[in-house]
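Participant:
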Amino acid sequence: MNGLFTRPSFSGFGPLGLYPGAEAPSFDSVAARRPGRLRALMRRDCPRAPGVYGMIDPKGELIYVGKAKNLRVRLLSYFRPRSRDPKAGRILKRTRRIVWERSPSEFAALLRELELIQRWQPRFNVQGQPTHRRRVYFCVGRQPAATLFLAKRPPRTATFAFGPTPAGFKAREAARRLNDWFGLRDCAQSQTMTFADQPELFSLPLTPGCIRHEIGNCLGPCAAACSRDEYADRVDALLAFLRGDDRTPLAILEEEMNTAAAQLAFERAAALRDKFDSLTWLSEHLRRVREASRHSFVYRVAGHDGDARWYLIEGGRVRDVVPPPSADAAQRREAIARIRAVYSPRSSSNEPPRPHEIDGTLLVASWFRRRKEERQSTLDPATALQMYALPPSPDEPAA
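In the numbering used here, the protein residues as written are 29 to 427.
(1) For a quick check, are the C-beta atoms of T389 and F325 less than 9 Å apart?
(2) Could you tell me which of A202, E89, R62, S105 sits nearest to T308, measuring between CA atoms?
(3) With 16 as the cutoff for other CB atoms within 10 Å, does W209 come out buried or exposed?
(4) Does the distance from the CB of F55 to the CB of V101 come in under 9 Å?
(5) For E129, report the span of its beta strand (DSSP E) as first-last.
(6) Please classify M83: does DSSP put it in a helix, a strand, or coil?
(7) Helix, strand or coil for K10 per DSSP?
(8) Determine, using beta-carbon pairs with one atom in the region 145–156 and one in the region 84–99, whether at least three such pairs fall under 8 Å.
(9) Just to confirm, are V370 and S133 a CB contact at a threshold of 9 Å?
(10) Can you list, in chain order, the residues of its chain whose CB lies under 6 Å from that of R130, leaving out five sequence neighbours each side?
(11) Taking the CB atoms as reference points, tell me whether A189 and P182 lie closer together than 9 Å.
(12) Per the contact definition of three or more C-beta pairs closer than 8 Å, is the region 389–399 in contact with the region 316–323?
(13) Opposite P472 in the DSSP bridges: which residues?
(14) The beta strand (DSSP E) with F177 in it runs from where to where?
(15) Taking the continuous alpha helix (DSSP H) assigned at L69, which residues delimit it?
(16) Residues in its own chain within less than 8 Å of L229 by CB, not counting five upstream and five downstream?
(17) L310 and L206: beta carbons closer than 9 Å?
(18) Can you tell me which residues form a DSSP beta bridge with A289?
(19) Helix, strand or coil for G169? Go by DSSP, reduced to three states.
(20) For the pair the region 102–117 and the region 66–75, tell me if three or more CB-CB distances fall below 8 Å.
(21) Looking at the structure shown, is Y106 part of a helix, part of a strand, or coil, going by DSSP?
(22) My parser needs the alpha helix (DSSP H) runs of 4 or more residues fully inside the region 195–275; what are they?
(23) Can you pull the DSSP bridge partners for I428?
(24) Have a look at A417 and R361 and give me their C-alpha separation to the nearest angstrom.
(25) Counting contacts by CB-CB distance shorter than 9 Å, is K121 in contact with chain C?
(26) To the nearest angstrom, how far is the alpha carbon of W148 from that of F41?
(27) Just confirm the distance between the C-beta atoms of A186 and T193, as a whole number of angstroms; I'd bet it's less than 8 Å.
(28) When DSSP labels each residue in this structure, what does G388 get in the three-state scheme?
(29) Between which two residues does the beta strand (DSSP E) harbouring E58 extend?
(30) Which partner residues of G94 appear in the DSSP bridge assignment?
(31) Return the CA-CA distance between E436 and A179, expressed in angstroms with no decimal places.
(32) For Q404, report the span of its alpha helix (DSSP H) as first-last.
(33) Return the chain-ordered list of same chain residues with a C-beta closer than 7 Å to the C-beta of E258, the five sequence neighbours on each side being excluded.
(34) Could you check if D264 is buried or exposed, using at least 16 other CB atoms within 10 Å of its CB as the buried criterion?
(35) Quick one: residues in its chain with C-beta nearer than 7 Å to the C-beta of G331, no 5 flanking neighbours on either side, listed in chain order?
Shown next, in the form of structure tokens:
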């Protein structure tokens, strides 16, 4: 069994995902058994430049990946016991080799760090690892009576999908409470649906398939207790809530919760609070995904050593990267083709990010949320195309 689940020894970070077919970037490293010696080598060899770095254990396994605006400053901080966090000390204790790869900018290092975490899944990294963070989509569909259900990936039976959000108890509880609030079924597909406006040759008394209709948590489409239009109206109301267009359920729950507390009905207030917290949790996660997915522009980033790059961000995701406009006509034509390919109506979609894309989407959103001044370096795709179509003038501002 030894070696069955061992990880491969580190031989290089690997190719850049945004440059398919290109050679893997070069990297530098220092190695020593003692932290003091590692620190001395870092002082001697590590550059003051943005990039990504990795920690290698005695077995040659990559155990941690990080990024830095200044590699030298960041890596030397691991050797300061009084100011470093406990996790950094545990990582350094297991480290025998430190490797680093330069990046043209801090933003490029941020993207590269996430790419390497997802590729290598180092044991000391948590953020960005799909095995450490399970996610689900809130799906609406399944005919003839739509319902809200959870899925790791939106199936064909889903007419609409929202998210993804963290999986687990909170997601299951939010789905259950939403179906109850809007009176939608949550039974199996094998359950026969019979609407009130559905003609029957022989009219027979129908019994609901569960007690949810009797306790007021379902419209009862299986027992002809509602019409198709009545049920469809509830589905539309659910979709309005999931899209963030209607927060009426939260307002009603908050008002009823405050009323119950004022009347000293604390048990009812606690039950309403649980419903309110569950729906608020879901509403907040969906809001974050919506806002992150709205970023669609060209982001001009000046490089550390003059290596400027223009990142094509569509739907919150970095789709491609091109060099700034130059005097080379062939380069401009290629860049124009790539910009059009990213922002064409055919390639652009309103679909939610896929599970492997959500970390990158949230990363881009966080970057612009924390650095609002960077929005001044963005362009709409039409303006970018105009700048590539014309030869750069001598007084054109740098990227």
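Just so it is clear, CB atoms sit at the ideal spot from N, CA and C, and this is done for glycine as well. On a predicted model such as this, the values are computed, not experimentally measured, just so you know.
Facilitator: Let's see:
(1) no
(2) A202
(3) buried
(4) no
(5) 125–130
(6) strand
(7) What is shown of the chain runs 29 to 427, which leaves residue 10 out entirely.
(8) yes
(9) no
(10) A77, G79
(11) yes
(12) yes
(13) What is shown of the chain runs 29 to 427, which leaves residue 472 out entirely.
(14) 175–179
(15) 63–73
(16) Bear in mind that the predicted position of L229 carries a pLDDT of just 48, short of 50, making it too unreliable to give a figure here.
(17) yes
(18) A289 pairs with nothing; no bridge assigned.
(19) strand
(20) yes
(21) helix
(22) 197–210, 256–271
(23) Absent from the structure is residue 428, since the part of the chain shown begins at 29 and ends at 427.
(24) 8 Å
(25) No chain C appears in this structure, which consists of one protein chain only.
(26) 8 Å
(27) Going by Cβ atoms, the distance from A186 to T193 rounds to 15 Å, so no, they are not a contact pair.
(28) helix
(29) The amino acid at residue 58 is misidentified as Glu; the sequence shows Val. Counting along the chain, the beta strand (DSSP E) containing V58 begins and ends at 56–59.
(30) Y81
(31) Here the chain comprises residues numbered 29 to 427, so residue 436 is not present and cannot be evaluated.
(32) Taken as a continuous stretch (DSSP letters only), Q404 belongs to no alpha helix (DSSP H), as it is neither H nor E.
(33) L247
(34) exposed
(35) P132, S133, R337
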